[in-house]
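Residue numbers (the numbering used here), protein chains in the order written: chain A, 1 to 168; chain B, 1 to 419. From the three backbone atoms N, C-alpha and C, an ideal C-beta is built for every residue, glycine too. On a predicted model such as this, the values are computed, not experimentally measured, just so you know.
The following block contains the structure:
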């Protein structure tokens, strides 16, 4: 799977309250959540993201709450993939479960700047800056997570694989 | 090969002899939990999978605690969705209104979570039940929906970081301070993906309420779970609340830990987490001059009866500073009733506090005490990220209930010895 888009850069410890404040948690609709993604820190974000854009972040992205509204808002806003130095664990699960791929790469986060165009090859983990031609590599996605992305998330995986036997 | 208590619980629920950190397992779930803000998506996922019936209607708990009593129309719709689903599925562990309180307080109170179990919840503070010697972790709504359909979850076995607390506690130092201190050392990412195991003589001497407080905040260091091996105190607590025979598992001697931290508690003062991270911790003596607009005592971290008793001991016969708002929310109806019987609620009212119904309240910026621009609150909750309790330009400080009560009287951050 390949993606191309504009880079949106964030710092370390971006928590779920920043991604989607609690006052929006009585909404489950993806497009409504998307409108309020990062509303308190970057009010311009939701309106300006183009489909396919890339979110870049430092360490511990998505820390805090288990709210699935967080990766959902980001995905619905149009982000195709998040590259960070590290991810908080509930956010990591949630993102893959809803089919939003995540990559871990210190060098890509250091090397890419806000606003530049980049391409990402999920299969190889290779990230390229279109402007400078520089390439970076990400840690390979574990097989199981790759499966989840391929089929479109955990629900599709569960329906397809039916990995739990029914009780007699 | 020897295993930690966490590894033993996971191996048992995966139906295998042994697991090691990094293994991907498929594990059977003893209890799956969701609340009014996470259940709607989980129910949608469950319906999409299409099994019809939940895997086991006795092993699911649905609790209305975040935006209740229904905060607005949308919240009311979410609760209705959860209620209708519970009724349709015959899920008896559905709690709202006068039966409900904060999920992580009422589940242990009702004996619904027990030692040796594997519990998942669509709430990050599900790690609280690790205090009972269970493996308990927070997951998202999609995970929870799949568990409701299948009764199983895929998990990666975490390495365990062991924290040993030894020495003697100073007066006024609680489990809240011990965990804040540890998070200050580890950072918000220091225990990423790990199980945090709390051990040592100090832990053995803590009552259940303080053990729950500690396990509750494991997630704030990035941990997958927190755990305390069950002992006499655990068993006494459980015996009063459940007739089930609890499964007592303990770690093997020579089990392998990712890291062991030894903390001597003698010099530890009450801790305060400053804005805007639970890891931005300093001792109360270094808090400086911080005037406050609001103090909140409650939450799944410190809404226990013992916490209210602690606060009442400070507030008795005193009144809060002029202009300051003190909001106190008991963690459950049972705690609320006991607090009334013990005269605690009267003490709070006499001091000038507002008492809320058992729920999460302002902790996550829901309702019942939201902050305006420029306001500062001290609370006994677990998180103080930007905007956590209201306006992005408000600030939240975290502490134990004794410091919170003293600060409400002083009108600024301070400990009981400053009164």
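Once you ignore the five residues that flank residue i on each side, which residues in its own chain have a CB closer than 8 Å to its CB?
i	result
residue 11 of chain A	57, 58
residue 142 of chain B	41, 42, 45
residue 76 of chain B	70
residue 125 of chain A	103, 105, 137, 138, 139, 140, 141
residue 322 of chain B	411
residue 63 of chain A	13, 14, 15, 16, 88, 91
residue 124 of chain B	138, 219
residue 434 of chain B	Outside the shown range of chain B, which is 1 to 419, sits residue 434 of chain B, and nothing can be said about it.
Looking only at its own chain, which residues have a Cβ that is under 6 Å from the Cβ of residue i, when we skip the five neighbours before and after it?
i	result
residue 154 of chain B	26
residue 233 of chain B	none
residue 64 of chain B	36, 79, 96, 100
residue 305 of chain B	335, 338
residue 145 of chain B	42, 45, 46
residue 175 of chain B	206, 210, 213, 214
residue 19 of chain A	70
residue 191 of chain B	161, 221, 222, 223
residue 196 of chain B	161, 218, 223, 226
residue 405 of chain B	311, 314, 315
Excluding five sequence neighbours on each side, which residues of the same chain lie with their C-beta closer than 7 Å to the C-beta of residue i?
i	result
residue 292 of chain B	324, 376, 377, 378, 407, 411, 412, 413
residue 165 of chain A	Because the pLDDT of residue 165 of chain A is 48, which lies under 50, any placement of that residue in the model is unreliable, and the question is left without a value.
residue 255 of chain B	2, 3, 4
residue 285 of chain B	269
residue 115 of chain A	6, 7
residue 396 of chain B	275, 377, 379, 384, 388, 389
residue 167 of chain A	Its pLDDT being 40, under 50, residue 167 of chain A is placed unreliably by the model, and nothing is read from it.
residue 273 of chain B	180, 280, 281, 384, 397, 398
residue 51 of chain B	149
residue 159 of chain B	21, 194, 258
residue 13 of chain B	27, 28, 118
Under 7 Å Cβ-Cβ, which residues of chain B neighbour residue i?
i	result
residue 100 of chain A	Simply none; closest approach about 11 Å.
residue 20 of chain A	Within 7 Å Cβ-Cβ: nothing; residue 20 of chain A doesn't reach chain B, min ~11 Å.
residue 159 of chain A	49
residue 23 of chain A	365
residue 93 of chain A	139, 140, 143
residue 97 of chain A	140, 142, 143
Exposed or buried, which one is residue i when buried takes at least 16 other CB atoms within 10 Å?
i	result
residue 157 of chain B	buried
residue 87 of chain B	exposed
residue 78 of chain B	buried
residue 80 of chain B	exposed
residue 9 of chain B	buried
residue 417 of chain B	exposed
residue 341 of chain B	exposed
residue 349 of chain B	exposed
residue 53 of chain A	buried
residue 134 of chain B	buried
residue 108 of chain A	buried
residue 17 of chain B	exposed
Starting from the beta carbon of residue i, find every residue of chain A whose beta carbon is closer than 7 Å, and list them in chain order.
i	result
residue 59 of chain B	Going along chain A, no residue has its Cβ under 7 Å from residue 59 of chain B, so there is no contact; the nearest lies around 13 Å.
residue 388 of chain B	17
residue 75 of chain B	26
residue 40 of chain B	28
residue 392 of chain B	40
residue 78 of chain B	26
residue 30 of chain B	Neighbours of residue 30 of chain B on chain A: none; closest Cβ ~15 Å, over 7 Å.
Run through chain B and tell me which residues come within less than 8 Å of residue i, C-beta to C-beta.
i	result
residue 64 of chain A	124, 383, 385
residue 155 of chain A	45, 48, 49, 142, 145, 146
residue 144 of chain A	24, 154
residue 128 of chain A	Simply none; closest approach about 28 Å.
Which residues of chain A have a Cβ atom closer than 9 Å to the Cβ of residue i, listed in chain order?
i	result
residue 336 of chain B	Simply none; closest approach about 24 Å.
residue 189 of chain B	12, 13, 59, 60, 63, 86, 88
Starting from residue i, find everything on chain A with Cβ-Cβ shorter than 8 Å and list it in chain order.
i	result
residue 277 of chain B	13
residue 192 of chain B	60, 86, 88, 89
residue 222 of chain B	60, 63, 88, 89
residue 72 of chain B	26
May I ask you to list the residues that DSSP assigns as paired with residue i?
i	result
residue 104 of chain A	A:84
residue 61 of chain A	A:87
residue 4 of chain A	A:119
residue 129 of chain A	A:118
residue 33 of chain B	B:61, B:121
residue 354 of chain B	B:327
Strictly below 7 Å CB to CB, what residues from chain D border residue i?
i	result
residue 67 of chain B	Here chain D cannot be found, since the structure's protein chains are A and B.
Within the segment 361–392 of chain B, note down every full beta strand (DSSP E) run reaching 3 residues or more, in order along the chain.
The DSSP assignment places complete beta strand (DSSP E) segments of no fewer than 3 residues inside the segment 361–392 of chain B at 376–379, in order along the chain.
Ordered list of alpha helix (DSSP H) runs contained in the segment 251–330 of chain B, each at least 4 residues:
Runs found: 299–302, 305–315.
Whole runs of the beta strand (DSSP E) within the segment 168–228 of chain B, excluding any shorter than 3 residues
The qualifying runs are 195–199, 225–227.
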